[in-house]
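**Student:**
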Amino acid sequence: MKDLKLRSISSIFYVLIMLSALIHPYSFMIVMYTSALIVLFEYGKVLRKDPEYLDFLKRWNQDYSLFVSTEFFPIFMVTLFGLLPLIGPALNFPNIEEADVIYYIFIIVYLILYPILLLFLISKKKIYGSYTNKAWPMFLVTVSLILLVSSPLLNIDFEKFRIYMITYLVLIWGVDSAGYFIGLKFGKKKLYESVSPKKTIEGVYGSVIFTLVFGFYLSQVFEIETLVSIASSLMICFFAIMGDLIQSKIKRQLNVKDFGNWIKGHGGLFDRLDSILFSFPFFYIIIIIFENVS
């Protein structure tokens, strides 16, 4: 009961912050940029304590500065490209449409690397080898953060973006909550015990049922073709669940329970945003398709 209470309080806290950020494009960018810095520092803090990662840096003579080797590049990327819609005019991007190609490139790279993570997850192989830089999954997180930070000013009316984001966040939180509560009440069969012992197949069924209902509801409210609405919702549901599993595997291979400890037993911001960080690029693609088709 105590665990459920803490989970509910923390969820409400994050919901209020995310929704209040949607008041204005700049407020959303500020909240997302601040969140990005926290997530990257949490990830970096874990990496800098990992013996194999430190050994990798020494092997390649990159141990001169742990911050430069670990957090600096991702933070630089998020700052430059995440805030490009704001600093674009100073960089000779008077029209942000000219910069869209940069974000499309990021999406393409993400789509190339993401299946590799899924492959390692499904095959039960290690994400990291003894000669592999353990920071490489951090690049996918960085790309997702770049898209999150820059998204409200990328060639789309903010009123429409606000509706898109609220819909997306409700779906993500619904998928997580339905999976958690159904799994807690009826869960018996483990989904992937070696990676995420608490996640159950019954919980996934709960998430899928919620997604089907939510997708149908969206089709009626926004007059979207039912099949398209449900298919899009199911795609986000899938990547949200996969994001949870991928992050769990990353944590296990880094030998940590959580990336942070904002709320005891519930991890840091990265732990709370895993479903969003590994599904938002695909939601971003859906927005692009909807905007170009409609």
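Heads up, the sequence shown is in our numbering, so the first residue is 1197 and it goes up one at a time.
Just so it is clear, CB atoms sit at the ideal spot from N, CA and C, and this is done for glycine as well.
Taking the Cβ atom as the reference point for each residue, do Gly1411 and Ile1378 lie within a distance shorter than 8 Å?
**Tutor:** For the purposes of this step, residue 1411 is identified with residue 215 of the sequence shown, where counting begins at 1. For the purposes of this step, residue 1378 is identified with residue 182 of the sequence shown, where counting begins at 1. For Gly1411 and Ile1378, no; Cβs fall outside 8 Å.
**Student:** Measure the CB-CB distance between Val1391 and Ser1444 and report whether it falls below 8 Å.
**Tutor:** To locate residue 1391, count along the sequence shown from 1; it is residue 195. To locate residue 1444, count along the sequence shown from 1; it is residue 248. In contact: Val1391 and Ser1444 (Cβ atoms closer than 8 Å).
**Student:** Look at Leu1309 and Leu1336 and say whether their C-beta atoms are less than 8 Å apart.
**Tutor:** Taking the sequence shown and counting its residues from 1, the one referred to as residue 1309 is at position 113. Taking the sequence shown and counting its residues from 1, the one referred to as residue 1336 is at position 140. Yes, the Cβ-Cβ distance between Leu1309 and Leu1336 is below 8 Å.
**Student:** Pull up the DSSP beta-bridge partners for Lys1386, would you.
**Tutor:** As a working mapping, residue 1386 is identified with position 190 in the sequence shown. In DSSP, Lys1386 forms a bridge with Thr1396.
**Student:** Report buried or exposed for Arg1255, applying the criterion of at least 16 other Cβ atoms within 10 angstroms of its Cβ.
**Tutor:** For the purposes of this step, residue 1255 is taken as the residue at position 59 of the sequence shown. Burial call: exposed.
**Student:** Kindly list the residues whose CB is nearer than 7 Å to the CB of Phe1237, restricted to its own chain and excluding five residues on each side of it in sequence; keep chain order.
**Tutor:** Residue 1237 sits at position 41 when you count from the first residue of the sequence shown. Same-chain partners within the cutoff: Glu1267.
**Student:** According to the neighbour-count rule (16 or more other Cβ atoms, all chains shown, within 10 Å of its Cβ), is Ser1249 buried or exposed?
**Tutor:** The residue labelled residue 1249 in the question sits at position 53 within the sequence shown. A small correction: the amino acid at residue 1249 is Tyr; Ser does not occupy that position in the sequence shown. Per the 10 Å Cβ criterion, buried.
**Student:** In the DSSP assignment, find the unbroken alpha helix (DSSP H) run with Ala1427 in it and report its ends.
**Tutor:** The residue labelled residue 1427 in the question sits at position 231 within the sequence shown. Unbroken alpha helix (DSSP H) run through Ala1427: 1422-1449.
**Student:** In terms of alpha-carbon separation, which member of Leu1465, Phe1382, Lys1453, Phe1476 lies closest to Ile1432?
**Tutor:** As a position in the sequence shown, residue 1432 is number 236, starting the count at 1. The shortest Cα separation from Ile1432 among Leu1465, Phe1382, Lys1453, Phe1476 belongs to Phe1476.
**Student:** Who are the near neighbours of Ile1205 in its chain, counting only those whose CB is closer than 7 Å to its CB and skipping five residues on each side?
**Tutor:** As a first step, residue 1205 is located in the sequence shown; it is residue number 9 there, counting from the start. If we look at Ile1205 and ignore the five residues flanking it on each side, it has no Cβ neighbours.
**Student:** Going by other Cβ atoms of all chains shown within 10 Å of its Cβ, with 16 needed for buried, is Phe1209 buried or exposed?
**Tutor:** If you number the sequence shown from 1, residue 1209 lands on position 13. Phe1209 is exposed by the Cβ-count criterion.
**Student:** Rounded to whole angstroms, what's the CA-CA distance from Tyr1300 to Leu1243? Just pull it up for me.
**Tutor:** As a working note, residue 1300 is residue 104 in the sequence shown. As a working note, residue 1243 is residue 47 in the sequence shown. In a straight line, the C-alpha of Tyr1300 is about 29 Å away from that of Leu1243.
**Student:** I think Phe1466 touches Val1235, with their Cβ atoms under 8 Å apart; what is that distance to the nearest whole Å?
**Tutor:** For the purposes of this step, residue 1466 is taken as residue 270 along the sequence shown, with counting starting at 1. For the purposes of this step, residue 1235 is taken as residue 39 along the sequence shown, with counting starting at 1. Correct: roughly 5 Å between the Cβ atoms.
**Student:** Please state the DSSP three-state secondary structure of Ile1352.
**Tutor:** Indexing the sequence shown from 1 puts residue 1352 at position 156. Coil, per DSSP.
**Student:** Would you say Leu1446 and Pro1333 are within 8 Å of each other, going by their C-beta atoms?
**Tutor:** What you label residue 1446 is simply residue 250 of the sequence shown in a count that begins at 1. What you label residue 1333 is simply residue 137 of the sequence shown in a count that begins at 1. Note that residue 1446 is Ile in the sequence shown, not Leu. Yes, they are a contact pair.
**Student:** Buried or exposed for Val1489, going by 16 or more other Cβ atoms inside 10 Å?
**Tutor:** Along the sequence shown, one-based indexing puts residue 1489 at 293. Classification for Val1489: exposed.
**Student:** Does the region 1340-1357 come within contact of the region 1221-1234, defined as at least 3 CB pairs closer than 8 Å?
**Tutor:** Touching, yes, given that three or more Cβ pairs across the two stretches are closer than 8 Å.
**Student:** In angstroms, rounded to a whole number, what distance separates the CA positions of Thr1363 and Arg1468?
**Tutor:** The residue labelled residue 1363 in the question sits at position 167 within the sequence shown. The residue labelled residue 1468 in the question sits at position 272 within the sequence shown. Approximately 18 Å between the Cα atoms of the pair.
**Student:** So, helix, strand or coil for Leu1336, using DSSP?
**Tutor:** Indexing the sequence shown from 1 puts residue 1336 at position 140. Three-state DSSP puts Leu1336 in a helix.
**Student:** With distances taken from CA atoms, which of Thr1422, Met1438, Arg1358 is nearest Tyr1388?
**Tutor:** Translated into positions along the sequence shown, residue 1388 becomes position 192. Here the closest residue by C-alpha is Met1438.
**Student:** What do you reckon, are the CB atoms on Leu1450 and Lys1330 nearer than 8 Å?
**Tutor:** Taking the sequence shown and counting its residues from 1, one reaches residue 1450 at position 254. Taking the sequence shown and counting its residues from 1, one reaches residue 1330 at position 134. Taking 8 Å as the Cβ cut-off, Leu1450 and Lys1330 qualify as a contacting pair.
**Student:** Over what stretch of residues does the alpha helix (DSSP H) that includes Lys1254 continue unbroken?
**Tutor:** Taking the first residue of the sequence shown as position 1, residue 1254 is located at position 58. 1247-1255 is the span of the alpha helix (DSSP H), which, as asked, contains Lys1254.
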